[in-house]
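For what it's worth, numbering that gives the first Met the number 0 labels the leading residue of the sequence shown as 0, then goes sequentially.
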Amino acid sequence: MIHFSYIRCESCRYPLDFWLFSVSTFLGPETVNCKKCKQTIMTGRTELAQKTLKQKAIFVLMSALYLSAGGYAIGAAFHRMDEIWNHLPELKDPTVEQLKFRWISGSFLIAMILMIKILNSIRRWNEVGDAPSDENIFSWSLTFGTQFKMLIFLLVLYGLAGAYM
């Protein structure tokens with residue numbers, strides 16, 4: 000069973016963010032404006048500059064989890080795309096040796112996304128301070144809905160590989 004955690008606007012129930020298995024870095028603005036009703040919503044997140052030592056340690060642990068699990072998922076997707084693209088007769092699970100380079104490549108992609116999130120956090124803290132953000136899950140930003148956007152990315156990769164079979 001897959002467990003989703005989510006944040007919705009309390010008045011209009013507009014979705015702000017959701018994530019799998021309650022795993023999140025909790026990096027982002029503390030308050031956002033609902034896109035639909037413009038009410039201010041508390042997100043339970045904090046910017047990097049505001050985090051305590053314990054919260055920074057949790058951020059590092061969650062980032063390490065993202066790097067390992069996300070790197071594996073993207074590496075496995077790249078491997079599967081390669082099998083589909085090359086019309087291999089049977090799709091089988093890759094060995095660790097086959098997956099090693101792709102896992103590192105996937106982890107590098109996740110590291111770049113985490114760096115974007117950190118740089119955006121620093122930018123928001125320097126520019127806005129405590130003003131509510133207008134970002135939401137349906138924006139192009141990686142502040143909210145990052146896991147959802149990465150799952151869509153993986154599905155698109157599979158779709159593109161399968162379309163050219």
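C-beta atoms are modelled at their ideal positions from N, C-alpha and C, and glycine is treated no differently.
The model shown is predicted, which means the values in this text are computed figures rather than measured ones.
Flag residue i as yes if its beta-carbon sits less than 8 angstroms from any beta-carbon of chain B, otherwise no.
i           : result
residue 118 : Although the question refers to chain B, the structure presented lacks it and comprises just one protein chain.
One question on the structure: do residue i and residue j come within less than 8 angstroms of each other, judged by their Cβ atoms?
i           : j          : result
residue 104 : residue 69 : no
residue 143 : residue 19 : no
residue 41  : residue 30 : yes
residue 157 : residue 76 : yes
residue 153 : residue 72 : yes
Compare the C-alpha of residue i against each of the options and name the closest.
i           : options              : result
residue 66  : 154, 82, 149 and 155 : 149
residue 36  : 11, 82 and 81        : 11
residue 8   : 28, 34, 23 and 24    : 34
residue 165 : 99, 145, 85 and 96   : Given that the chain is displayed from residue 0 to residue 164, the structure contains no residue 165 and the question cannot be resolved.
residue 102 : 53, 78, 147 and 56   : 78
Within a Cβ cutoff of 6 angstroms, which residues of the same chain sit near residue i, ignoring the five residues on either side of it in sequence?
i           : result
residue 43  : none
residue 120 : 26, 46 and 47
Ignore the nearest five residues each way along the sequence and tell me which others in residue i's own chain have a CB closer than 8 angstroms to its CB.
i          : result
residue 59 : none
residue 6  : 14, 15, 16, 17, 40, 42 and 43
residue 97 : 78
Consider the C-beta atom of residue i and the heavy atoms of the ligand FAD; say whether any pair is separated by less than 7 angstroms.
i          : result
residue 35 : Among the components modelled here there is no ligand, and therefore nothing to report on the ligand FAD.
Starting from the C-beta of residue i, find all residues in its chain whose C-beta is less than 7 angstroms away, skip the five residues before and the five after it, and write them out in chain order.
i         : result
residue 4 : 17, 18 and 21
Give the C-beta separation of residue i and residue j to the nearest angstrom, bearing in mind that I take them to be a contact with Cβ-Cβ under 8 angstroms.
i           : j          : result
residue 80  : residue 24 : Between residue 24 and residue 80 the Cβ distance is about 27 angstroms, and since that is not below 8 angstroms, they are no contact.
residue 123 : residue 28 : 6 angstroms
> Along the chain, which unbroken stretches of the alpha helix (DSSP H) at least 4 residues long are found entirely within the stretch 56-100?
Replying inline: 70-84
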